[in-house]
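Using our numbering, the first residue of the sequence shown is number 465, and each one after it goes up by one. Heads up, the beta-carbon is just placed ideally off N, CA and C, and yes, glycines get one too. Note that the structure is a prediction, hence the values are computed from the model and not measured. Before any comments, here is the structure.
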Amino acid sequence: MVGTIEEQLQAIDRATLTPLVQRALGRGDIEIGQWRCQPIYGGVEMASSLYRFSGDALAAGAMLPWTLILKIVQAPPGENGDPQGVKYWKREALAYQSGLLSHLPGGLTAPRCYEAIEHPGGAYWIWMEDIRDEVGDNWPLEHYGTVARCLGQFNGAYLMGQPLPTHPWLTRKWLRQYIEQATPAVVLLLNSMEHPLIRRALPGFSTEFIQRAWDERYVILEAIERLPQTFCHLDAFRRNLFSRRMAEGNAEVVAVDWSYMGIASVGEELAPLVGASIGFYAVMPTDALKLEQIALEGYLEGLRDAGWQGDPDLIQFGYAATMYWRYVFGAFVGEMVPWMLDERYHAAIERATGHTMEEDADYTALLIEFYQHVYEQVHRLKASLS
(Lines of atoms letter the chains of each structure in order from A; the text may use other names.)
(Lines give C-alpha, C1' and ligand atoms only; values in the text may rest on other atoms or scores of the structure.)
Protein backbone atom coordinates (compact mmCIF):
# COMPACT_ATOMS: atom_id res chain seq x y z
CA MET A 465 0.00 0.00 0.00
CA VAL A 466 1.28 3.44 -0.94
CA GLY A 467 -0.65 5.27 1.80
CA THR A 468 -1.53 8.93 2.13
CA ILE A 469 1.05 11.69 1.68
CA GLU A 470 1.15 12.12 5.45
CA GLU A 471 1.94 8.44 5.89
CA GLN A 472 4.62 8.60 3.21
CA LEU A 473 6.21 11.63 4.89
CA GLN A 474 6.28 9.84 8.23
CA ALA A 475 8.03 6.90 6.54
CA ILE A 476 10.98 9.06 5.44
CA ASP A 477 14.08 7.82 7.26
CA ARG A 478 17.79 8.54 7.58
CA ALA A 479 18.58 6.35 4.59
CA THR A 480 16.39 8.61 2.44
CA LEU A 481 17.60 11.90 3.86
CA THR A 482 21.33 11.23 4.19
CA PRO A 483 22.31 11.43 0.48
CA LEU A 484 20.10 14.49 0.05
CA VAL A 485 21.68 16.29 2.99
CA GLN A 486 25.13 15.29 1.72
CA ARG A 487 24.37 17.05 -1.56
CA ALA A 488 22.95 20.07 0.22
CA LEU A 489 26.00 20.45 2.48
CA GLY A 490 28.49 19.42 -0.19
CA ARG A 491 30.19 16.79 1.96
CA GLY A 492 29.85 13.06 2.51
CA ASP A 493 31.09 12.69 6.10
CA ILE A 494 27.85 13.44 7.90
CA GLU A 495 25.56 11.70 10.33
CA ILE A 496 22.04 13.02 10.56
CA GLY A 497 20.52 13.64 13.98
CA GLN A 498 16.89 14.53 14.60
CA TRP A 499 14.86 16.41 12.02
CA ARG A 500 11.43 17.92 11.61
CA CYS A 501 9.05 18.40 8.71
CA GLN A 502 6.87 21.50 8.36
CA PRO A 503 4.25 22.09 5.66
CA ILE A 504 4.56 25.30 3.65
CA TYR A 505 1.31 26.68 2.33
CA GLY A 506 1.65 27.31 -1.40
CA GLY A 507 -1.58 28.86 -2.72
CA VAL A 508 -5.15 28.22 -3.82
CA GLU A 509 -4.37 25.38 -6.22
CA MET A 510 -3.73 22.12 -4.42
CA ALA A 511 -2.07 20.03 -7.18
CA SER A 512 1.24 20.42 -5.33
CA SER A 513 2.35 20.61 -1.72
CA LEU A 514 5.53 21.94 -0.13
CA TYR A 515 7.41 20.83 2.97
CA ARG A 516 10.54 22.08 4.69
CA PHE A 517 12.78 19.49 6.31
CA SER A 518 15.35 20.80 8.77
CA GLY A 519 17.77 19.40 11.30
CA ASP A 520 21.42 19.04 12.27
CA ALA A 521 24.15 16.78 10.95
CA LEU A 522 27.35 15.75 12.71
CA ALA A 523 30.45 16.21 10.53
CA ALA A 524 34.04 15.99 11.81
CA GLY A 525 32.90 16.65 15.38
CA ALA A 526 30.83 19.73 14.45
CA MET A 527 27.07 20.10 14.20
CA LEU A 528 25.92 21.61 10.91
CA PRO A 529 22.35 22.87 10.35
CA TRP A 530 20.62 21.79 7.15
CA THR A 531 17.33 22.39 5.37
CA LEU A 532 15.66 20.84 2.35
CA ILE A 533 12.49 21.67 0.44
CA LEU A 534 10.29 18.82 -0.76
CA LYS A 535 7.75 19.62 -3.46
CA ILE A 536 5.21 16.89 -4.14
CA VAL A 537 3.39 17.31 -7.45
CA GLN A 538 0.34 15.29 -8.40
CA ALA A 539 -1.93 15.24 -11.44
CA PRO A 540 -4.77 17.72 -10.79
CA PRO A 541 -8.40 16.76 -11.45
CA GLY A 542 -9.16 16.87 -15.15
CA GLU A 543 -5.50 16.65 -16.24
CA ASN A 544 -5.50 15.48 -19.86
CA GLY A 545 -1.82 14.59 -19.99
CA ASP A 546 -0.96 17.09 -22.75
CA PRO A 547 2.80 17.76 -22.34
CA GLN A 548 2.35 21.26 -23.77
CA GLY A 549 -0.81 21.98 -21.81
CA VAL A 550 -1.13 24.97 -19.51
CA LYS A 551 -0.75 23.03 -16.26
CA TYR A 552 1.01 19.82 -17.28
CA TRP A 553 1.85 18.44 -13.86
CA LYS A 554 5.11 16.65 -14.74
CA ARG A 555 6.76 19.65 -16.46
CA GLU A 556 8.85 20.99 -13.58
CA ALA A 557 10.09 17.56 -12.50
CA LEU A 558 11.02 16.67 -16.08
CA ALA A 559 12.87 19.97 -16.44
CA TYR A 560 14.97 19.24 -13.36
CA GLN A 561 15.66 15.70 -14.55
CA SER A 562 16.75 16.99 -17.97
CA GLY A 563 19.24 19.48 -16.52
CA LEU A 564 17.57 22.37 -18.37
CA LEU A 565 17.38 24.48 -15.19
CA SER A 566 20.93 23.81 -14.04
CA HIS A 567 22.70 26.50 -16.10
CA LEU A 568 20.41 29.33 -17.13
CA PRO A 569 21.80 32.45 -18.83
CA GLY A 570 21.56 35.99 -17.54
CA GLY A 571 20.66 36.87 -13.97
CA LEU A 572 18.02 34.19 -13.44
CA THR A 573 18.54 30.80 -11.87
CA ALA A 574 16.55 27.94 -10.35
CA PRO A 575 17.07 26.27 -6.97
CA ARG A 576 19.54 23.42 -6.94
CA CYS A 577 17.68 20.17 -7.32
CA TYR A 578 19.02 17.23 -5.32
CA GLU A 579 16.56 14.65 -6.63
CA ALA A 580 13.42 14.52 -8.78
CA ILE A 581 11.79 11.12 -8.89
CA GLU A 582 8.47 9.63 -9.84
CA HIS A 583 7.01 8.24 -6.66
CA PRO A 584 4.61 5.31 -6.23
CA GLY A 585 1.05 6.56 -6.17
CA GLY A 586 1.26 8.86 -9.20
CA ALA A 587 3.31 11.79 -7.93
CA TYR A 588 6.71 13.39 -8.44
CA TRP A 589 8.85 14.22 -5.42
CA ILE A 590 11.28 17.08 -6.03
CA TRP A 591 13.93 17.63 -3.36
CA MET A 592 15.58 21.01 -3.72
CA GLU A 593 17.54 23.82 -2.15
CA ASP A 594 15.87 25.95 0.50
CA ILE A 595 16.07 29.54 -0.79
CA ARG A 596 15.87 32.55 1.53
CA ASP A 597 15.42 36.08 0.18
CA GLU A 598 18.25 38.42 1.14
CA VAL A 599 16.27 41.61 0.52
CA GLY A 600 13.35 40.77 2.82
CA ASP A 601 9.68 40.02 2.56
CA ASN A 602 8.70 43.51 1.44
CA TRP A 603 10.76 44.54 -1.56
CA PRO A 604 11.15 48.28 -2.16
CA LEU A 605 9.72 49.26 -5.54
CA GLU A 606 13.18 49.95 -6.91
CA HIS A 607 14.15 46.34 -6.35
CA TYR A 608 11.51 45.23 -8.84
CA GLY A 609 13.58 47.09 -11.42
CA THR A 610 16.64 45.01 -10.49
CA VAL A 611 14.61 41.83 -10.77
CA ALA A 612 13.12 42.93 -14.10
CA ARG A 613 16.63 43.54 -15.40
CA CYS A 614 17.60 39.97 -14.51
CA LEU A 615 14.51 38.71 -16.35
CA GLY A 616 15.49 40.83 -19.36
CA GLN A 617 19.01 39.41 -19.33
CA PHE A 618 17.56 35.90 -19.19
CA ASN A 619 15.07 36.42 -22.03
CA GLY A 620 17.57 38.49 -24.02
CA ALA A 621 20.17 35.73 -24.10
CA TYR A 622 17.80 33.59 -26.20
CA LEU A 623 16.98 36.53 -28.48
CA MET A 624 20.70 36.93 -29.14
CA GLY A 625 21.63 33.38 -30.08
CA GLN A 626 21.28 31.13 -27.05
CA PRO A 627 19.53 28.07 -28.54
CA LEU A 628 15.89 27.81 -27.56
CA PRO A 629 15.18 24.57 -25.68
CA THR A 630 13.15 22.06 -27.67
CA HIS A 631 11.87 19.64 -25.02
CA PRO A 632 8.41 18.33 -25.93
CA TRP A 633 6.96 19.20 -22.51
CA LEU A 634 7.66 22.93 -22.78
CA THR A 635 4.63 25.14 -23.35
CA ARG A 636 3.98 26.77 -26.69
CA LYS A 637 1.38 29.54 -26.95
CA TRP A 638 0.74 29.22 -23.22
CA LEU A 639 -1.11 32.54 -23.11
CA ARG A 640 -3.56 31.53 -25.83
CA GLN A 641 -4.34 28.25 -24.06
CA TYR A 642 -4.74 29.94 -20.69
CA ILE A 643 -7.11 32.61 -21.98
CA GLU A 644 -9.22 30.14 -23.96
CA GLN A 645 -9.78 28.13 -20.79
CA ALA A 646 -11.77 31.13 -19.52
CA THR A 647 -14.50 30.72 -22.17
CA PRO A 648 -17.07 29.02 -19.87
CA ALA A 649 -16.30 31.51 -17.10
CA VAL A 650 -16.92 34.47 -19.41
CA VAL A 651 -20.41 33.12 -20.09
CA LEU A 652 -20.86 32.60 -16.33
CA LEU A 653 -19.76 36.18 -15.63
CA LEU A 654 -22.06 37.70 -18.25
CA ASN A 655 -24.97 35.88 -16.58
CA SER A 656 -23.91 36.87 -13.05
CA MET A 657 -23.29 40.62 -13.26
CA GLU A 658 -25.79 41.30 -10.46
CA HIS A 659 -24.07 39.02 -7.95
CA PRO A 660 -22.93 41.17 -4.95
CA LEU A 661 -19.26 40.15 -5.20
CA ILE A 662 -19.18 40.73 -8.96
CA ARG A 663 -20.75 44.17 -8.57
CA ARG A 664 -18.08 45.05 -5.98
CA ALA A 665 -15.24 43.75 -8.15
CA LEU A 666 -16.39 45.31 -11.45
CA PRO A 667 -18.09 48.63 -10.64
CA GLY A 668 -19.27 50.37 -13.77
CA PHE A 669 -18.51 47.46 -16.10
CA SER A 670 -21.15 46.59 -18.67
CA THR A 671 -21.82 43.28 -20.34
CA GLU A 672 -21.28 45.05 -23.67
CA PHE A 673 -17.73 46.12 -22.79
CA ILE A 674 -16.80 42.70 -21.39
CA GLN A 675 -18.12 40.97 -24.52
CA ARG A 676 -16.26 43.40 -26.81
CA ALA A 677 -12.93 43.03 -25.00
CA TRP A 678 -13.35 39.24 -24.93
CA ASP A 679 -14.05 39.15 -28.67
CA GLU A 680 -10.84 41.12 -29.32
CA ARG A 681 -8.68 38.33 -27.94
CA TYR A 682 -7.98 36.63 -31.27
CA VAL A 683 -6.55 39.75 -32.88
CA ILE A 684 -4.53 40.57 -29.76
CA LEU A 685 -3.13 37.06 -29.41
CA GLU A 686 -2.07 36.97 -33.04
CA ALA A 687 -0.25 40.26 -32.58
CA ILE A 688 1.52 39.00 -29.44
CA GLU A 689 2.56 35.77 -31.15
CA ARG A 690 4.24 37.71 -33.98
CA LEU A 691 6.72 39.23 -31.50
CA PRO A 692 10.27 37.78 -31.14
CA GLN A 693 10.22 34.47 -29.27
CA THR A 694 12.28 33.53 -26.22
CA PHE A 695 12.44 31.05 -23.33
CA CYS A 696 10.34 32.20 -20.37
CA HIS A 697 9.48 31.21 -16.82
CA LEU A 698 5.97 32.68 -17.35
CA ASP A 699 5.05 32.95 -13.66
CA ALA A 700 7.84 35.18 -12.34
CA PHE A 701 6.13 37.25 -9.65
CA ARG A 702 7.01 38.13 -6.06
CA ARG A 703 5.96 34.85 -4.41
CA ASN A 704 8.00 32.83 -6.91
CA LEU A 705 11.14 35.00 -6.82
CA PHE A 706 13.99 35.25 -4.30
CA SER A 707 16.87 37.71 -4.42
CA ARG A 708 20.42 37.08 -3.37
CA ARG A 709 23.96 38.24 -4.13
CA MET A 710 26.47 36.15 -6.02
CA ALA A 711 30.06 35.85 -4.81
CA GLU A 712 31.19 38.64 -7.15
CA GLY A 713 28.48 40.93 -5.78
CA ASN A 714 26.07 40.90 -8.71
CA ALA A 715 22.35 40.48 -8.13
CA GLU A 716 20.87 37.06 -8.81
CA VAL A 717 17.20 36.12 -8.91
CA VAL A 718 16.21 32.58 -7.98
CA ALA A 719 12.89 31.57 -9.52
CA VAL A 720 10.83 28.69 -8.13
CA ASP A 721 7.76 26.97 -9.60
CA TRP A 722 8.73 26.45 -13.24
CA SER A 723 5.50 24.62 -14.06
CA TYR A 724 4.45 27.08 -16.82
CA MET A 725 7.84 27.48 -18.55
CA GLY A 726 8.05 27.48 -22.31
CA ILE A 727 8.60 29.45 -25.49
CA ALA A 728 6.78 32.77 -25.48
CA SER A 729 6.92 36.30 -26.85
CA VAL A 730 9.25 38.98 -25.58
CA GLY A 731 7.47 41.08 -22.93
CA GLU A 732 5.21 38.23 -21.75
CA GLU A 733 7.67 37.49 -18.94
CA LEU A 734 7.18 40.93 -17.45
CA ALA A 735 3.39 40.77 -17.03
CA PRO A 736 3.41 38.46 -13.97
CA LEU A 737 6.08 40.54 -12.23
CA VAL A 738 3.68 43.48 -12.28
CA GLY A 739 0.22 41.89 -12.46
CA ALA A 740 0.56 38.96 -10.06
CA SER A 741 2.74 40.89 -7.60
CA ILE A 742 -0.05 43.44 -7.30
CA GLY A 743 -2.75 40.77 -7.39
CA PHE A 744 -1.25 38.96 -4.40
CA TYR A 745 -0.86 42.15 -2.33
CA ALA A 746 2.96 42.41 -2.59
CA VAL A 747 2.52 45.88 -4.14
CA MET A 748 -0.53 48.06 -3.62
CA PRO A 749 -2.59 49.24 -6.62
CA THR A 750 -1.75 52.83 -5.72
CA ASP A 751 1.84 52.05 -6.73
CA ALA A 752 0.92 50.11 -9.88
CA LEU A 753 1.84 52.82 -12.38
CA LYS A 754 5.19 53.40 -10.73
CA LEU A 755 5.88 49.67 -10.54
CA GLU A 756 5.03 49.31 -14.23
CA GLN A 757 7.47 52.05 -15.22
CA ILE A 758 10.27 50.66 -13.02
CA ALA A 759 9.73 47.12 -14.33
CA LEU A 760 9.61 48.14 -18.00
CA GLU A 761 12.79 50.19 -17.68
CA GLY A 762 14.60 47.40 -15.84
CA TYR A 763 13.49 44.72 -18.30
CA LEU A 764 14.62 46.80 -21.28
CA GLU A 765 18.00 47.39 -19.59
CA GLY A 766 18.36 43.64 -19.20
CA LEU A 767 17.58 43.07 -22.88
CA ARG A 768 20.17 45.72 -23.78
CA ASP A 769 22.69 44.02 -21.47
CA ALA A 770 22.18 40.86 -23.54
CA GLY A 771 22.74 42.81 -26.76
CA TRP A 772 19.16 43.14 -28.02
CA GLN A 773 18.59 46.52 -29.70
CA GLY A 774 14.99 46.18 -30.89
CA ASP A 775 12.08 48.62 -30.66
CA PRO A 776 11.06 49.27 -27.00
CA ASP A 777 7.42 49.59 -28.14
CA LEU A 778 7.46 45.87 -28.99
CA ILE A 779 8.32 45.13 -25.38
CA GLN A 780 5.66 47.43 -24.00
CA PHE A 781 3.02 45.97 -26.30
CA GLY A 782 3.95 42.39 -25.40
CA TYR A 783 3.80 43.27 -21.72
CA ALA A 784 0.56 45.30 -21.84
CA ALA A 785 -1.41 42.96 -24.09
CA THR A 786 -0.37 39.96 -22.01
CA MET A 787 -1.17 41.81 -18.80
CA TYR A 788 -4.73 42.74 -19.73
CA TRP A 789 -5.97 39.52 -21.27
CA ARG A 790 -4.04 37.24 -18.91
CA TYR A 791 -5.10 38.91 -15.67
CA VAL A 792 -8.54 40.29 -16.50
CA PHE A 793 -9.83 37.32 -18.49
CA GLY A 794 -7.47 34.43 -17.77
CA ALA A 795 -6.97 34.98 -14.04
CA PHE A 796 -9.90 37.05 -12.77
CA VAL A 797 -12.69 35.81 -15.03
CA GLY A 798 -11.30 32.34 -15.72
CA GLU A 799 -10.26 31.45 -12.17
CA MET A 800 -11.58 33.95 -9.64
CA VAL A 801 -15.13 34.40 -10.91
CA PRO A 802 -16.09 30.70 -10.59
CA TRP A 803 -14.53 30.68 -7.11
CA MET A 804 -16.31 33.89 -6.12
CA LEU A 805 -19.63 32.43 -7.21
CA ASP A 806 -19.06 29.11 -5.42
CA GLU A 807 -18.85 29.43 -1.65
CA ARG A 808 -17.02 26.10 -1.35
CA TYR A 809 -13.84 27.87 -2.53
CA HIS A 810 -14.09 30.93 -0.31
CA ALA A 811 -12.11 29.53 2.63
CA ALA A 812 -9.19 28.50 0.38
CA ILE A 813 -9.10 31.91 -1.31
CA GLU A 814 -9.25 33.75 2.00
CA ARG A 815 -6.43 31.59 3.35
CA ALA A 816 -4.29 32.28 0.26
CA THR A 817 -4.82 36.06 0.25
CA GLY A 818 -5.30 36.68 3.96
CA HIS A 819 -8.43 38.70 3.23
CA THR A 820 -12.18 38.16 3.17
CA MET A 821 -13.99 37.66 -0.14
CA GLU A 822 -15.49 41.14 0.17
CA GLU A 823 -12.05 42.66 0.74
CA ASP A 824 -10.69 40.74 -2.26
CA ALA A 825 -13.56 42.04 -4.41
CA ASP A 826 -12.86 45.63 -3.34
CA TYR A 827 -9.17 45.10 -4.05
CA THR A 828 -10.01 43.74 -7.51
CA ALA A 829 -11.98 46.92 -8.21
CA LEU A 830 -8.80 48.93 -7.58
CA LEU A 831 -6.83 46.60 -9.86
CA ILE A 832 -9.39 47.01 -12.63
CA GLU A 833 -8.71 50.74 -12.68
CA PHE A 834 -5.06 49.98 -13.42
CA TYR A 835 -5.97 47.35 -16.00
CA GLN A 836 -8.06 49.91 -17.86
CA HIS A 837 -4.93 52.05 -18.18
CA VAL A 838 -3.18 48.97 -19.55
CA TYR A 839 -6.04 48.37 -22.01
CA GLU A 840 -5.59 51.88 -23.38
CA GLN A 841 -1.85 51.23 -23.76
CA VAL A 842 -2.54 48.13 -25.83
CA HIS A 843 -4.69 49.96 -28.36
CA ARG A 844 -2.34 52.94 -28.60
CA LEU A 845 0.67 50.70 -29.19
CA LYS A 846 -1.17 48.37 -31.55
CA ALA A 847 -2.15 51.31 -33.74
CA SER A 848 1.40 52.70 -33.87
CA LEU A 849 3.09 49.32 -34.41
CA SER A 850 0.72 48.21 -37.16
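Work out the CA separation of residue j and residue i for me, nearest whole Å.
i    : j    : result
L849 : I504 : 45 Å
R576 : M592 : 6 Å
G519 : E598 : 22 Å
Y608 : L489 : 31 Å
A523 : A475 : 25 Å
D826 : T750 : 13 Å
P660 : L805 : 10 Å
F673 : D769 : 40 Å
E799 : D477 : 39 Å
G726 : L473 : 32 Å
A811 : W772 : 46 Å
A539 : L572 : 28 Å
L760 : A847 : 20 Å
H697 : I684 : 21 Å
I662 : Q617 : 40 Å
Q836 : Y578 : 44 Å
E543 : P802 : 18 Å
W530 : F517 : 8 Å
A687 : S723 : 25 Å
Q502 : E471 : 14 Å
With DSSP run on the structure shown, which of helix, strand or coil describes residue i?
i    : result
E733 : coil
S562 : helix
W603 : coil
I595 : coil
F618 : helix
Q538 : strand
V747 : coil
H583 : strand
T630 : coil
L481 : helix
L849 : helix
L764 : helix
T573 : strand
I684 : helix
L753 : helix
A740 : helix
L778 : helix
Y839 : helix
R690 : coil
A488 : helix
P660 : helix
Using 8 Å for Cβ pairs, my map puts residue i next to residue j. What's the rounded Cβ distance?
i    : j    : result
T482 : I496 : 6 Å
S729 : E689 : 6 Å
F418 : L845 : Absent from the model: residue 418. The displayed extent of the chain is 465 to 850, so no value can be given.
G739 : R790 : 7 Å
E418 : L639 : With the chain covering 465 to 850 only, the question about residue 418 has no answer from this structure.
Y745 : L615 : At roughly 21 Å, the Cβ-Cβ gap does not stay under 8 Å, so Y745 and L615 are not in contact.
V537 : I590 : 7 Å
H631 : L564 : 7 Å
Q561 : A580 : 5 Å
Y515 : L534 : 5 Å
G774 : P692 : 7 Å
L623 : T694 : 5 Å
V550 : Y682 : The Cβ separation is near 18 Å, so there is no contact.
P667 : F701 : 26 Å between Cβ atoms; not a contact.
Just grab the DSSP bridge partners of residue i for me.
i    : result
T610 : None, per the DSSP bridge assignment.
G726 : T635 and C696
R516 : Q502 and I533
W589 : I536 and I581
E716 : R708
A528 : Going by the sequence as given, residue 528 is Leu instead of Ala. Paired residue(s): A521.
E495 : L522
Looking only at its chain, what residues have a beta carbon closer than 7 Å to the beta carbon of residue i, apart from the 5 residues adjacent to it on each side?
i    : result
D824 : I813 and T817
V797 : A646, A649, V650 and L653
T828 : A665 and F796
L831 : I742, G743 and P749
R491 : A523
Apart from the five residues on each side of it in sequence, which residues of its chain come closer than 6 Å, Cβ to Cβ, to residue i?
i    : result
Q548 : T635 and R636
V838 : A784, M787 and Y788
Q626 : P569
A621 : P569, G570 and A770
S513 : I536
V747 : S741 and L755
Check whether the Cβ of residue i lies closer than 7 Å to any Cβ atom in chain C.
i    : result
A526 : Chain labels in this structure do not include chain C; a single protein chain is all it has.
Apart from the five residues just before and just after residue i, which ones in its own chain have a Cβ nearer than 8 Å to its Cβ?
i    : result
I758 : L605, E606, Y608, G609 and A612
D721 : E556, D699 and N704
S707 : D597, E598, V599, W603, H607, T610, V611, A715, E716, V717 and V718
I494 : T482, V485, Q486, A521, L522, A523 and L528
W633 : P547, Q548, Y552, K554, R555, L558 and A559
E822 : L661 and R664
How about residue i: is its Cβ closer than 6 Å to a heavy atom in the ligand SAM?
i    : result
Q617 : For the ligand SAM, the structure offers nothing, since it holds no ligand at all.
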